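Asker: Take this structure, written in structure tokens, and hold onto it; I'll ask about it next.
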Amino acid sequence: MWIGITNIRIVSKYETKLLVRGWFFKVFAFLALFAAVILGSMYILSQYQQPQMVNRSVIPYMFMLVMNVGQAVVSVFLASEYLKRDKQLDTSEIFYTRPLSNAEYLLGKMCATLKVFFILDIIVALIALIMSLIKYGFDLDYVSYIWYFLLLCVPTLVFIVGLSTTLMLLLNNQAITMVILLAYIGVTLFYIDNVYYYLFDYIGFNLPMIKSVITGFSGLPRLINHRLCYLLLGIGLIFSDVSLFHRLANSKFSLLPWRIATAVFLIGGLYAGYRHVHLFKIDEKYRTEMVELDNKYVHIGGAVADSCMLSVIQNGDMLDMRAEMTVIPKHNTVSLVFTLNPGFKLNSVDAPGHRMNCERLMHLIVLDFADSLSAGKPIHLVMDYSGMADERICYLDISADKLIENKKALSMLNIGKRYLFQDRKFTMLTPESYWYPRPGVAFSDKSPEWQISYFTDFQINVTPNPGLTPISQGHCTTNADSTSFTFTPESSLPSVSLLIGDYHPKSLTVDSTVYTVWELGNWDDQFEVLDSIRDTIPTIIRDQRWSMEYQAEMKYPFRRFSFVEVPLQFTSYKRVWTSVYEELQPEMAFVRERAFDMGRFQFRNMKRQWSGGRYRRGNNNMSEKQILINILNNTMYFMMESGSYSGNGGRNGQFTMTQVDNPYFYRPMFYNFRYNIYSSDWPMANRMVESITGVNESGGQNWIRRMNGLSEDEKALILMGKYDFERIMSDPEWEDIADNALSLKTKDFFAPISEVLGYETLVDTISALTRANEFANASFDSILDWVQSYSGVSLQKKIDSWDEPAKLACYKIGIPQITTVTTDTADIYQAEVTLENISDNPGFVNVEYVFYEMENAGDEDKPKSMVMRVGAHETRKMVTHWFNTPSYIRVNTMLSSNLPHEVNLNNSDWSTYESTNLEPEGVFTVRGGVDNTPPGEIVIDNEDDGLFSLSRPLRTGYLSKWIDKSREKNNEFMYEGFSDWRTFSQWTLVTDQNLYGDYIRSAYIVSPGDGSQYARWSVPVTVPGVYDVYFYASPAMYSNNNSNRRWNNNNNNNNNNNGRRVTNDYNFEIEQFNMSDHVSMNMWRADEGWNLLGTFRFEADTVRVTLNNRSGIRVIVADAVRLVKRER
Amino acid sequence: MSITIKGLSHYYPNGKRALTDINLEIPSGMFGLLGPNGAGKSTLMRILVTLMEPSEGQIDVCGYDIRTQRKEVRRILGYLPQDFRFFARYKVREFLEYAAALSGMTNSSERGKAVDAMLEQVGLYEARDRYAQNLSGGMKRRLGIAQALIHKPKVLVVDEPTTGLDPEERIRFRNLLSEASSKDTTIILSTHIVGDISSSCTEMAMLNHGHVMFRGSPAGMLKETEGKVWRLKVTNEQYAEINQKYAVISTIPNGLGWDIQVVAKSIPGYDAVSYPPNLEHAYVYFMEIKDKD
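So the protein lines, in turn, are chains A and B.
Its first residue numbered 1, the first sequence is counted upward by one per residue in the numbering used here.
Its first residue numbered 1, the second sequence is counted upward by one per residue in the numbering used here.
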């Protein structure tokens, strides 16, 4: 051996003393321990426990991750510090003249560095352990503490210590070394991110490491390989230091073994890195090949599985399966194509009387028949297959980038993504895994044919490993010794899933429906909390079910419902072509282990929180039972929520909101698992029908559009005007607004019928037709035919132009008129809404008359929502009669380029008249257009090109310019969001229904400043005279409907940046022929709409009205000015 | 011979020649290496203690080739570098223990005893728990000699050890070296202070511009200088003339002019009286006169 352990130990021992005595390490150690205690207090001892804390690996993972990031930075300083010290200290040379080798000396120093950090890691882990013991008792995942130390801390430290010392030796300059390494750390942490599948993440910050109590780590071999890459590279770099060290070696050849070792370890590390990327590449290639194959076979051998009897025998890790199917070809064909998970080996395919020759192509099974199969004629097939399921077939429609995207818990802990599980102790196969053969291909980007799933009669027989319990859809029966289980669904289903594990049920029957929670562990501690309301639980379930059924306007269609516990790594994705998430299956919903991501299911925590905090303070008289009832109601309610909003912060306080679906939303249980409206030509048929018959959710659109600049519908419309529909539906970038596009498209599609029948009747009709085909495959064409014949309207044109970019209409909306007509019996309110289509494209608008509660007496049964067709350059008027004045009229311009796309016309703004003549109700074409500007008035809006101008932005710095430029490039939708906390350093275009505009209600806004920013309206005056000058004010833009704030600020002046007192005024200059008048207007006192600035005499020339940004008000809104000529 | 140096030359990467064809045989005992700053002493020392590799030549240290048997050489070597001021954050005893341990004293109890004994010997026992960085210059130097001697080396190389020490510390340090040299240790004392050589070395060499100017005993050096030191009385004008031509090593004003001492082969035209040389005169003779010959 060419190194002496004794010398290494000696060097290490004394170097350790030095490191520990250094202030840098002391500070870091103190901070690390302090952070550990704070973290512990935050997440462990806090009353409001995060649901994820239920997983016992979260605490060690979190502690080690935080520690690891810190030490990755600090160790850079310390590792290079001792080499610098060696250079600086006179005493170093006396050690160099000692008989130890370079290797012993350097390794001793490295060991010292590693030792102090590892000891610190262990101390932090011990703090985590102690806190966990306090929190959970002895029920901990002790092994995970070792795992995280080995997977996170060891490779990171070894690598960064090796890298920093090598760089230091090469560059011989600590400052440069520091800069390079800190830049490297910064880049790897914040920039490189998922490049090469997180290969460069040496800290392990983005690697999925949460450990499931059911299945452990996800992708452990790859995880180890990744960490091994850095461990080997680190060792290689440390060994390279022996050769690079500036001290004469003990002998001429003593460095050779180290050079060889350096090469071996570096090559080993690089290979591990290559392997990491290569394995992902192989997977991607495999997935690409599957899609190519799907594209090739997507049009071949289409069929529907009428029945499917599955037999599953679990044999250790493996599954032996048999599928007996009755398949009905959709067309005359000589081939049938099935998809089966490519991990399963197909042993045989039998047709009645003979064994079939079949081709197994990756995940496809291609059966060629000697004689042509007739469309609609059933054929019986039996397929035997076995093996381990391959996860790569799952989510072929989801991009590789999305698949490797991080899934985080508590903002920093990475959860591995798994789509199926199969091992001796736990198996989970959802339809996405194609665990049984299904006719057709898995995915195709050439044809949407594959998206249609048909109802099938299933029966599943499962023989699990001893001691395990299978779960699937349908009524379950077992054989005498409970070794075999048979599931028989009461009705056809679109798909079935299979779970096998050490499941324990907790069941309750309410109104002949069996509700079950299938636990993998023991949840007794959670359920015990509910003991005191045990008798009330059926009532709560009944009430919640009733609410759901009421909202859905349908009955729950199954005889059982289960929450099934699954590993926390189980992941699903939103699909454009279906609203169903994999979490929800017929009769069951998958809950990640111990409700890892659903605090509502953690009754113990909920009780503690609800009994303590704010909730209790506001409800002092609430009994414990009532609290528990509320908790359970809240838990159940989670399936009623269609989604939530998630905010993303940006530069300058820019904030965008995105809607996040609730994968557990009840709707698929009531609709998708029950109805299938299919059409070969219209793969989206089912979604269209679902969309039109579903709950119409327009709530939240207004504040979303204010935050984001545009509503989701408006974004969808902008895209629909530019791109063909299929592209919008298939581009992952727009998946969040695909639903909106589909909904708009569907409403427009049926608009001609809505116009005739009324929208509500149309919906009722389609709903009725759909419901007639429960648990069966119904043709969309037949529904379409029926609706067309019923209404007498042909949709052929719409069908022909379905995929083309939408031709958007554009409307000027007149101010509604309300005429009180006194008749013999009562006062009738005649509402008139006029719209002018100023575009070349015909379109439809939906006009809805909205009454506040109890104000529509007498009109309860009258349809309130009407669709009106408005041809190109046509003006139409809708006349309606009401017993009360509508509170407001909501005009939805459907496929239009109006912004906002939907406006509420409040009755306070309407023109009111009185009359004794009642015009007939209906929609009429009228002459002339809509002109909200009376004669003699001139209005200049910010949208008027050439007549409205803005000052140039003040920013001149290159970086600012570049940032602004890149922001512009990213702004696909032109209009920006508006939020209270955002600053607008330059004029920014926003839209809002409170703003002025013909068809785009927009304005430019800027933050207040020194007056150097201005907006200017150039008003051409053709007739000299005396004019009133008005400015269009939108107090809603800066008061945010917050009356307190408005009044609190009403009389208060503010200080601007220069300390000078500024007021809540807008400052205007009104100028003609170099004569200028200054006008101030207190905006807190301004009315919504036109406000008089003053009266001026103008000649026939341009008048310039300039508004600057010197003000103390929150935002300057430059919208429109109006000149009204006074009559002499 | 303890150390044999043959044909040793060293060039720096910039081409500057630091040592030229050095041939020396250094016996046991205290060996002085005298020379002005920049003469190449430190380079020679650093080569001898294996911190630098010579460009040419051979060095044999107690039978070990310094190029191929560095480990063996390092094992028998003690070294006190010229600058010995900046320490890592070790306490005195820790520092000495670390040095002892790296020198092969692996038995901790024996090492502890040796360290304490050495600290007693160099008078630092009372300061053993102080941080080395906080010691005075003289104490640091003593700690330096302690670390160099702790493992009883056969060869001790001390580079300019007394520079910057007060007279008391200097004497104390010389005594420490003398004590060490009595134990069959070869001590190479590199210095530009003549007094260090005269008081302790029996053998010496003088280096200038990378060459050996003299090799022998201090007495031999004095002998060579006999008849080269002169004493004379001069006026101001004469002093100015003599100072330009000869090496004046002492000037004392006498009211009328100057009593001066001059090192020169002869001073024709002046009433100069020959004066018995000391080692300082000899040093000047070799540096100023013989080197120019």
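C-beta: ideal position from N, C-alpha, C; glycine also.
These figures come from a predicted structure and were not determined experimentally.
Specify, as a first and last residue, the run of the beta strand (DSSP E) that Phe344 (chain A) falls within.
Answerer: On the first sequence, residue 344 (chain A) is found 344 positions in, with the first residue counted as 1. Looking at the DSSP string, the run of the beta strand (DSSP E) that includes Phe344 (chain A) is 344–351.
Asker: Assign Val1023 (chain A) to one of two classes, buried (16 or more other C-beta atoms within 10 Å of its C-beta) or exposed (fewer than that).
Answerer: Mapped onto the first sequence, residue 1023 (chain A) falls at position 1023. Under this definition Val1023 (chain A) is an exposed residue.
Asker: Rounding to the nearest angstrom, what Cα-Cα distance links Ser348 (chain A) and Trp786 (chain A) in this structure?
Answerer: The count along the first sequence starts at 1 and reaches residue 348 (chain A) at position 348. The count along the first sequence starts at 1 and reaches residue 786 (chain A) at position 786. Straight-line Cα distance between these residues: approximately 45 Å.
Asker: Would you say the stretch 95–108 of chain B touches the stretch 21–37 of chain A, given that touching needs at least three Cβ pairs under 8 Å?
Answerer: Contact fails: fewer than three Cβ-Cβ distances are below 8 Å.
Asker: In its own chain, which residues sit with a C-beta less than 7 Å from the C-beta of Leu171 (chain A), not counting the 5 before and 5 after it?
Answerer: The residue you call residue 171 (chain A) lines up with position 171 of the first sequence. Same-chain partners within the cutoff: Thr177.
Asker: Using the Cα positions of Lys6 (chain B) and Ile22 (chain B), report the straight-line distance between them to the nearest angstrom.
Answerer: Along the second sequence, one-based indexing puts residue 6 (chain B) at 6. Along the second sequence, one-based indexing puts residue 22 (chain B) at 22. Whole-angstrom Cα-Cα distance: 6 Å.
Asker: Listing by chain order, which chain A residues have their CB less than 7 Å from the CB of Val49 (chain B)?
Answerer: Within the second sequence, residue 49 (chain B) is the residue found at index 49, counting from 1. By Cβ distance, chain A contributes Thr97.
Asker: For Ser132 (chain A) and Leu106 (chain A), I'd like the C-alpha separation in whole angstroms.
Answerer: Numbered from its first residue, the first sequence carries residue 132 (chain A) at position 132. Numbered from its first residue, the first sequence carries residue 106 (chain A) at position 106. Distance between the alpha carbons of Ser132 (chain A) and Leu106 (chain A): 38 Å.
Asker: Hey, Gly297 (chain B) and Leu119 (chain B) are a contact pair by Cβ (cut 8 Å); roughly how many whole angstroms apart?
Answerer: Since the displayed chain B opens at 1 and closes at 293, residue 297 (chain B) lies outside it and no answer follows.
Asker: Between which residues of its own chain and Tyr581 (chain A) is the CB-CB distance below 6 Å, once the five residues before and five after are set aside?
Answerer: One-based indexing of the first sequence puts residue 581 (chain A) at position 581. Excluding positions up to five away in sequence, the list reads Ser572, Pro663.
Asker: Answer yes or no: do Glu902 (chain A) and Asn892 (chain A) have a C-beta to C-beta separation smaller than 8 Å?
Answerer: In the first sequence, counting from the first residue as 1, residue 902 (chain A) sits at position 902. In the first sequence, counting from the first residue as 1, residue 892 (chain A) sits at position 892. Yes.
Asker: Distance check for Leu157 (chain A) and Leu19 (chain A), CA to CA, integer angstroms please.
Answerer: Against the first sequence, residue 19 (chain A) aligns to sequence position 19. Against the first sequence, residue 157 (chain A) aligns to sequence position 157. If you take the alpha carbons of Leu19 (chain A) and Leu157 (chain A), they lie about 15 Å apart.
Asker: Buried or exposed, going by whether 16 or more other CB atoms sit within 10 Å of the CB of Leu124 (chain B)?
Answerer: Against the second sequence, residue 124 (chain B) aligns to sequence position 124. Burial call: buried.
Asker: Report yes or no: is there a C-beta of chain B within less than 8 Å of the C-beta of Ile8 (chain A)?
Answerer: Locating residue 8 (chain A) in the first sequence gives position 8, counting from the first residue. False, the Cβ-Cβ gap to chain B never drops below 8 Å.
Asker: Closer than 8 Å, CB to CB, is Arg142 (chain B) near chain A or not?
Answerer: Within the second sequence, numbered from 1, the residue matching residue 142 (chain B) stands at position 142. Not an interface residue.
Asker: Output the distance between the C-alpha atoms of Arg1016 (chain A) and Arg1104 (chain A), rounded to the nearest integer angstrom.
Answerer: Locating residue 1016 (chain A) in the first sequence gives position 1016, where the first residue counts as 1. Locating residue 1104 (chain A) in the first sequence gives position 1104, where the first residue counts as 1. The straight-line gap from Cα to Cα measures roughly 7 Å.
Asker: What's the call for Glu260 (chain B), buried or exposed, on a 16-neighbour Cβ count within 10 Å?
Answerer: By one-based count along the second sequence, residue 260 (chain B) stands at place 260. Looking at the sequence provided, one finds Ile at residue 260 (chain B) rather than Glu. By the 10 Å Cβ count, Ile260 (chain B) comes out buried.
Asker: Could you check whether the stretch 79–86 of chain A touches the stretch 632–645 of chain A, counting it as contact only if at least three pairs of C-beta atoms, one from each stretch, sit closer than 8 Å?
Answerer: Too few Cβ pairs lie closer than 8 Å, so no.
Asker: When the Cβ atoms of the stretch 367–378 of chain A are set against those of the stretch 401–408 of chain A, are three or more pairs found closer than 8 Å?
Answerer: The stretch 367–378 of chain A is not in contact with the stretch 401–408 of chain A.
Asker: Do Glu1139 (chain A) and Glu565 (chain A) have their CB atoms nearer than 8 Å?
Answerer: With chain A running from 1 to 1128 in the structure shown, residue 1139 (chain A) is simply not present.
Asker: Mind checking which residues open and close the alpha helix (DSSP H) that includes Ser547 (chain A)?
Answerer: Position 547 of the first sequence, counted from the start, is the residue given in the question as residue 547 (chain A). Taken as a continuous stretch (DSSP letters only), the alpha helix (DSSP H) holding Ser547 (chain A) covers 537–552.
Asker: Tell me which residues share the same chain as Gly440 (chain A) and place their Cβ nearer than 6 Å to its Cβ, disregarding the 5 neighbours each side in the sequence.
Answerer: Numbered from 1 along the first sequence, position 440 holds the residue referred to as residue 440 (chain A). Here the set comprises Trp450.
Asker: Pop quiz: Val1117 (chain A) and Ser1034 (chain A) are said to be a contact at Cβ under 8 Å. What is the actual Cβ separation, rounded to whole angstroms?
Answerer: Your numbering for residue 1117 (chain A) matches position 1117 in the first sequence. Your numbering for residue 1034 (chain A) matches position 1034 in the first sequence. About 5 Å; that satisfies the 8 Å criterion.
Asker: To the nearest whole angstrom, what separates the beta carbons of Val61 (chain B) and Ile3 (chain B), a pair I think is in contact under 8 Å?
Answerer: Numbered from 1 along the second sequence, position 61 holds the residue referred to as residue 61 (chain B). Numbered from 1 along the second sequence, position 3 holds the residue referred to as residue 3 (chain B). Right, their Cβ atoms sit about 5 Å apart.
Asker: Classify Val143 (chain A): buried if its beta carbon has 16 or more other beta carbons within 10 angstroms, exposed otherwise.
Answerer: Within the first sequence, residue 143 (chain A) is the residue found at index 143, counting from 1. The residue in question, Val143 (chain A), is exposed, as its Cβ has fewer than 16 Cβ neighbours within 10 Å.
Asker: State the beta-bridge partners of Pro1020 (chain A) as determined by DSSP.
Answerer: For this step, residue 1020 (chain A) is matched to residue 1020 along the first sequence. Pro1020 (chain A) is bridged to A:Thr1102.
Asker: Below 7 Å between beta carbons is the criterion; list the residues of the stretch 87–114 of chain A that meet it against any residue of chain B, in chain order.
Answerer: Hits within the stretch, in order: Gln88, Leu89, Asp90, Thr91, Glu93, Ile94, Phe95, Tyr96, Thr97, Arg98, Pro99, Leu100.
Asker: I want to know whether the stretch 295–306 of chain A touches the stretch 387–404 of chain A - three or more CB-CB distances under 8 Å.
Answerer: The stretch 295–306 of chain A vs the stretch 387–404 of chain A: no contact.
Asker: Measure how close the beta-carbons of Pro505 (chain A) and Thr516 (chain A) come, nearest whole angstrom, since I'm counting them as under 8 Å.
Answerer: Taking the first sequence and counting its residues from 1, the one referred to as residue 505 (chain A) is at position 505. Taking the first sequence and counting its residues from 1, the one referred to as residue 516 (chain A) is at position 516. Confirmed, Cβ separation roughly 5 Å.
Asker: Taking 8 Å as the threshold, find out whether the stretch 860–876 of chain A comes into contact with the stretch 745–763 of chain A through three or more Cβ pairs.
Answerer: They touch, by the three-pair rule.
Asker: When the Cα atoms are used, what is the spatial distance from Ser949 (chain A) to Pro732 (chain A)?
Answerer: To locate residue 949 (chain A), count along the first sequence from 1; it is residue 949. To locate residue 732 (chain A), count along the first sequence from 1; it is residue 732. Rounded to whole angstroms, Ser949 (chain A) to Pro732 (chain A) spans 38 Å at the Cα level.
Asker: In the stretch 151–200 of chain B, which residue ranges form an unbroken alpha helix (DSSP H) of at least 4 residues, counting only runs that do not cross its ends?
Answerer: Here the runs fully enclosed are 167–181, 194–200.
Asker: Identify the residues that DSSP records as bridge partners of Cys358 (chain A): which are they?
Answerer: In the first sequence, the residue the question calls residue 358 (chain A) occupies position 358. BP columns for Cys358 (chain A) point to A:Leu367.
Asker: Count the other CB atoms within 10 Å of the CB of Arg287 (chain A); is the residue buried (16 or more) or exposed (fewer)?
Answerer: Counted from its first residue, the first sequence places residue 287 (chain A) at position 287. The residue is buried, with at least 16 neighbouring Cβ atoms inside 10 Å.
Asker: Determine the extent of the alpha helix (DSSP H) in which Met168 (chain A) is found, giving its start and end residues.
Answerer: Against the first sequence, residue 168 (chain A) aligns to sequence position 168. Met168 (chain A) -> alpha helix (DSSP H) spans 154–171.
Asker: Secondary structure at Tyr913 (chain A), three-state DSSP: helix, strand or coil?
Answerer: Here residue 913 (chain A) corresponds to residue number 913 of the first sequence, with the count starting at 1. Three-state result, Tyr913 (chain A): strand.
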